[in-house]
Amino acid sequence: RPALPQSMYMFVLTEVVAPRLQSELSQWQPTKDPLPVHKWIHPWLDVLPPHLLEPMFASVRSKLGQALRLWKAKDESALVLIKPWTNLWKQTGDLWDFLARFILPKLRALATKISVNPKKEDPSLFTAIVAWNGVLPNHALDTMLLNDFFPKWILALKSWLESPADSNRKKEKFREIAKWYKGWKGLFPADLLKRRVVETHLKRGLELMGAAVSGKSLDPILKTLAGEFQEQKAALREQAALAGEGSTAAAAAAAISSRRRAEAKQLRAAAARAAGGAAPGTSFKEALERFAAKVGVEFLPNPKKGYRDGSPVYLFGRCNIYIKGQVIYVHVAAAGGGGAWKPVAIDDLIAMARK
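As structure tokens, this is what we get:
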């Protein structure tokens, strides 16, 4: 860098480095390539400016999203690929949207299958979900534990404590229960043990064990826990709402749609500024590139299609497009083959790109 003039340095980054990295990303296959993509993208984070990195981040999310359609939630390979991007996507505001679309629905379905049976223990589903601690927002993981794990865990503990045993067997039973309790507690990461949902249930579990040993009723503790369950459920629902998670799929879809419309409006404003010369150095293509990164749509040159009307052809998601002035043209295929290039509004283009 010190050896090059600033203009030459930026030219190399913009015209040589970034296109080469984008080209490699277009060939990258998440499920087949042995080298994780962050290994060769992250070294450039302190070198490339944000407007060159954002389209690459969008390409990574797009490719991972496609690969995750066949992903089984018990398989930790997805976590290995996504975890290195967690902090970056938090900063760009893209993490929650990605997780909500591709990860959470499958993890939530897996959580409902968790079984707690002291006679035949298999914590593999539990550990597969808890492994996402630090990647998932706290409220999302806590909600799964509150709804799908702890009720089963408390019920198993209560049933075991109340199971009949003669005086000789009772001490041995309580020793086995204590060992079982410590075993489950040891499966929680240290920071997760400090979270309210986990701390409360482990504490009440210990109190249930103490009451059983003393011959006291378990009902007062269970009644207290039932009240705490409702309080925690309401608190987590509020946290989910603050994070932008709707209570229904329709509400979530509406929120995403509203955000997309706002972003499209920003793009049109950027185009107007570029056309009027109010934003020197900002082209419509650059505005579209940044917008694609925000909405998670791949935006890459398409060398196979070459040029159209003197302008390079790009892939925008599933669509071939080219830009002329401040107008986007998209190729609309015909039923019998061929097709035509037609001007398209950005809102319609997004819908076409995601089909």
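Count the sequence shown with this note's numbering and you get residues 183 to 537, in order.
From the three backbone atoms N, C-alpha and C, an ideal C-beta is built for every residue, glycine too.
{"Check": "Can you list, in chain order, the stretches of the alpha helix (DSSP H) that have 4 or more residues and sit fully within the region 258-343?", "Outcome": "259-264, 268-274, 277-284, 286-293, 306-312 and 320-326"}
{"Check": "Any chance you could list the beta strand (DSSP E) runs of at least 3 consecutive residues sitting entirely within the region 456-520, in chain order?", "Outcome": "481-483, 496-498, 501-506 and 509-515"}
{"Check": "My understanding is that L135 touches L390, with C-beta atoms under 8 Å, so please give their C-beta distance in whole angstroms.", "Outcome": "The structure shown does not extend to residue 135, since the chain is modelled only from 183 to 537, so the question has no answer here."}
{"Check": "Which same chain residues end up closer than 8 Å to L195 when comparing Cβ atoms and leaving out the 5 residues on each side of it in sequence?", "Outcome": "V229, L230, P231 and L234"}
{"Check": "Does the region 363-373 come close enough to the region 312-320 that 3 or more CB-CB pairs lie under 8 Å?", "Outcome": "yes"}
{"Check": "In three-state terms, what does DSSP make of W210?", "Outcome": "coil"}
{"Check": "Between which residues of its own chain and L246 is the CB-CB distance below 6 Å, once the five residues before and five after are set aside?", "Outcome": "P212"}
{"Check": "By Cβ distance below 7 Å, which residues in the same chain neighbour P494 in space, the five residues on each side in sequence not counted?", "Outcome": "P483 and Y504"}
{"Check": "Using the beta-carbon count (16 or more within 10 Å), is T325 buried or exposed?", "Outcome": "buried"}
{"Check": "What is the residue span of the alpha helix (DSSP H) that G247 lies within?", "Outcome": "P232 to A249"}
{"Check": "I need the boundaries of the alpha helix (DSSP H) containing S349, first residue and last residue.", "Outcome": "S349 to K367"}
{"Check": "Return yes when the Cβ of K288 is within less than 7 Å of the Cβ of A255, no when it is not.", "Outcome": "yes"}
{"Check": "Compare the beta carbon distance of K334 and V379 with 7 Å and say whether it is the shorter of the two.", "Outcome": "no"}
{"Check": "Just to confirm, are A474 and A240 a CB contact at a threshold of 7 Å?", "Outcome": "yes"}
{"Check": "Using the Cα positions of A469 and I223, report the straight-line distance between them to the nearest angstrom.", "Outcome": "22 Å"}
{"Check": "Here's a check: name, in chain order, each residue in its chain whose Cβ is nearer than 6 Å to the Cβ of P237, leaving out the five neighbours to either side.", "Outcome": "E471, A475 and F481"}
{"Check": "Considering only the beta carbon of each residue, do L286 and L307 sit closer than 7 Å?", "Outcome": "no"}
{"Check": "Answer with buried or exposed for N502, where buried requires no fewer than 16 other C-beta atoms within 10 angstroms of its C-beta.", "Outcome": "buried"}
{"Check": "DSSP three-state label for P525, please.", "Outcome": "strand"}
{"Check": "Consult DSSP for V219 and reduce its assignment to one of helix, strand or coil.", "Outcome": "coil"}
{"Check": "Are there 16 or more other CB atoms within 10 angstroms of the CB of V526, so buried, or fewer, so exposed?", "Outcome": "buried"}
{"Check": "Would K353 and A347 be called neighbours here (beta carbons separated by less than 7 Å)?", "Outcome": "no"}
{"Check": "Is H513 closer than 7 Å to E519 when the C-beta atoms are compared?", "Outcome": "Inspection of the sequence shows that residue 519 is occupied by Gly rather than by Glu. No, they are not a contact pair."}
{"Check": "Beta-carbon separation of A408 and L400 under 7 Å?", "Outcome": "no"}
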